[in-house]
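Chemist: In the numbering used here, the protein residues as written are -14 to 150. The structure under discussion is supplied below as structure tokens; questions concerning it will follow.
Right under this line is the structure:
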């Protein structure tokens, strides 16, 4: 989950519910992501942070799942009632423009960095996508900014004292 370009939440867990297809599993995961995103959105709004009104954008790499959510008529044929309920709820939220499910190629899915062992190059891409930084660099930058003119004079005196010997 990202807000203002920074990662604020994530989850990688084994799905508890047994499904008979990848599409059904994706529907359940999307429903959970949508519910959590809506909760965070309401919480942030209550705290007085002004969010843009573009709604919640959820990324998905399964084209079939996106078609099911954006279809005018429910197309999912399943005997799993709980999956059907999630499908109808997602469609309702999409029609009301509270969520938008967009296709993102598998290679661009940030979540893969949480659930798969990645080669070094892909791991570096993941680190950039999530917005992680080396905290040591930030600490050094902060210390340098906090230096006063007196600190520079003291350092210069120490250097001059070392040369005189």
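All C-beta atoms in this analysis are idealised placements derived from N, C-alpha and C, irrespective of residue type, glycine included.
Below 8 Å on the Cβ atoms is my guess for residue 44 versus residue -14; work out the distance and round it to an integer in Å.
Modeler: At roughly 11 Å, the Cβ-Cβ gap does not stay under 8 Å, so residue 44 and residue -14 are not in contact.
Chemist: Please list the terminal residues of the continuous alpha helix (DSSP H) segment that includes residue 127.
Modeler: Residues 120 to 131.
Chemist: Taking the alpha-carbon of residue 22 as reference, which of 73, -7, 140 has the nearest alpha-carbon?
Modeler: It is -7 whose Cα lies nearest to the Cα of residue 22.
Chemist: Please confirm whether residue 16 and residue 75 have their CB atoms less than 8 Å apart.
Modeler: Yes, they are a contact pair.
Chemist: So, residue -10 versus residue 146, is the Cβ gap smaller than 8 Å?
Modeler: No.
Chemist: Which residues bound the alpha helix (DSSP H) around residue 85?
Modeler: From DSSP, residue 85 is part of no alpha helix (DSSP H) but of the beta strand (DSSP E) over 84 to 88.
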